[in-house]
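Trainee:
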Amino acid sequence: MSLFDKEAAMARSGKMPIAVLLALTLGPAIAIGATLWFVTDLIPQCVVKENQRLTSPDGQYDLVVFLRDCGNTEPNSQAALVPAGDEVPFDAASFASIGNDAPMRARWDAYGNIELTLPADSEIYRLDESVVGIDTVYLSD
Numbered sequence: 092m093s094l095f096d097k098e099a100a101m102a103r104s105g106k107m108p109i110a111v112l113l114a115l116t117l118g119p120a121i122a123i124g125a126t127l128w129f130v131t132d133l134i135p136q137c138v139v140k141e142n143q144r145l146t147s148p149d150g151q152y153d154l155v156v157f158l159r160d161c162g163n164t165e166p167n168s169q170a171a172l173v174p175a176g177d178e179v180p181f182d183a184a185s186f187a188s189i190g191n192d193a194p195m196r197a198r199w200d201a202y203g204n205i206e207l208t209l210p211a212d213s214e215i216y217r218l219d220e221s222v223v224g225i226d227t228v229y230l231s232d
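So for the sequence shown, the working numbering puts the first residue at 92; every next one is plus one.
1. Is there contact between the segment 184-191 and the segment 203-215, where contact requires at least three CB pairs shorter than 8 Å?
2. Are the CB atoms of Gln169 and Phe181 nearer to each other than 8 Å?
3. Using the Cβ count rule (16 or more neighbours within 10 Å means buried), how would you classify Arg159?
4. Would you mind working out which of Asp192, Leu154, Trp199, Glu165 sits nearest Ala183, comparing C-alpha positions?
5. Just the C-alpha distance for Met107 and Val130, rounded to the nearest angstrom, thanks.
6. Ordered along the chain, which non-local residues of its own chain (more than five positions away) have a Cβ less than 6 Å from that of Val138?
7. Out of Thr126, Pro174, Glu220, Thr164, state which residue places its alpha-carbon closest to the alpha-carbon of Gln151.
8. For Asp200, which of Gly124, Pro119, Pro148, Asp212 has the nearest alpha-carbon?
9. Using the C-alpha atoms, what's the distance from Gly162 back to Leu117?
10. Within 10 angstroms of the Cβ of Ala171, are there 16 or more other Cβ atoms? Answer buried if so, exposed if not.
11. Is the beta carbon of Ala197 less than 8 Å from the beta carbon of Gln143?
12. Would you kindly work out how many angstroms separate the C-alpha atoms of Leu115 and Ile109, rounded to a whole number?
13. Tell me which residue opens and which closes the beta strand (DSSP E) that Phe157 is part of.
14. Assuming Ser213 and Asn191 make a contact with CB atoms under 8 Å, what is their CB distance in whole Å?
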C-alpha cells in the first residue's frame, strides 16, 4: 500500500491524528482562558472597609457605614442595610453616600429610625428618605 493509499484510507475512516485533535481543542481553550484572565485584570476590584456596624433593634438588619475603594475614585463614605451578620458585598447598594473620606456616624434612635451624622462640607451623592420601610434622619456636624 502506497503512502497516498494510506492517507486516502485515513481520510475515509474519519479518524484524526491525536496531535491534531489536541492542537485544535487545547489551542483555542488556552487562548480564551488567557484573554479572560487578562480582561479581568483590567476591571478594578472594589474593596469595602467597614467603619461601623450596628444591629437593628429587632435584630433583622445590620446598619453598616463603610468606605468603598474602587481604585482611582474620589473618597466616599456610604451606609447600607444588610441582613444581620452578613458581609457587605463589594457591590452593595447604599442608601446614603457622601464624597468624604471621613465616615458618617450612625445610630438607631429610640423609634427604630436610622440616624446618620454627616461630616461637615461633605458632597452629597445620595440620601434616601427611607430604606426597607425604615425612616432615615440626617444630621450635620
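All C-beta atoms in this analysis are idealised placements derived from N, C-alpha and C, irrespective of residue type, glycine included.
Mentor: Working from what's here:
1. yes
2. No, Cβ-Cβ distance for Gln169 and Phe181 is not below 8 Å.
3. Arg159 should be labelled buried.
4. For the residues Asp192, Leu154, Trp199, Glu165, the minimum Cα distance to Ala183 belongs to Leu154.
5. So the alpha carbons of these two residues sit roughly 34 Å apart.
6. Asp160
7. Pro174
8. Among Gly124, Pro119, Pro148, Asp212, the Cα nearest to that of Asp200 belongs to Pro148.
9. 35 Å
10. buried
11. yes
12. 10 Å
13. 152-160
14. Right, the Cβ-Cβ distance comes to about 4 Å (below 8 Å), so this counts as a contact.
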